[in-house]
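Numbering (my numbering), first residue to last: 9 to 57.
Glycine is no exception: its CB is placed at the ideal position from the N, C-alpha and C atoms.
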Amino acid sequence: MPLSPRWRSSADKALHRIIIYMIIMYYLHWVILDTNLHTCPQAPLMQLN
């Protein structure tokens, strides 16, 4: 069987690593966007509000 328990566990570890990486990048993206809006009062998003 190609789907041995060891292969499945390693695939789950890789999937969890990818999900955690995506969550961290998404969080960092919003942190950078938030700091850019606070440090640049002339940002277009601030002018809309």
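Specify the secondary structure class of W38 as computed by DSSP and reduced to three states.
It is helical.
In angstroms with no decimal places, state the Cα-to-Cα distance between M33 and A22.
So the two alpha carbons sit approximately 16 Å from each other.
Quick one: Cα of Y29 to Cα of P13, how far?
Whole-angstrom Cα-Cα distance: 24 Å.
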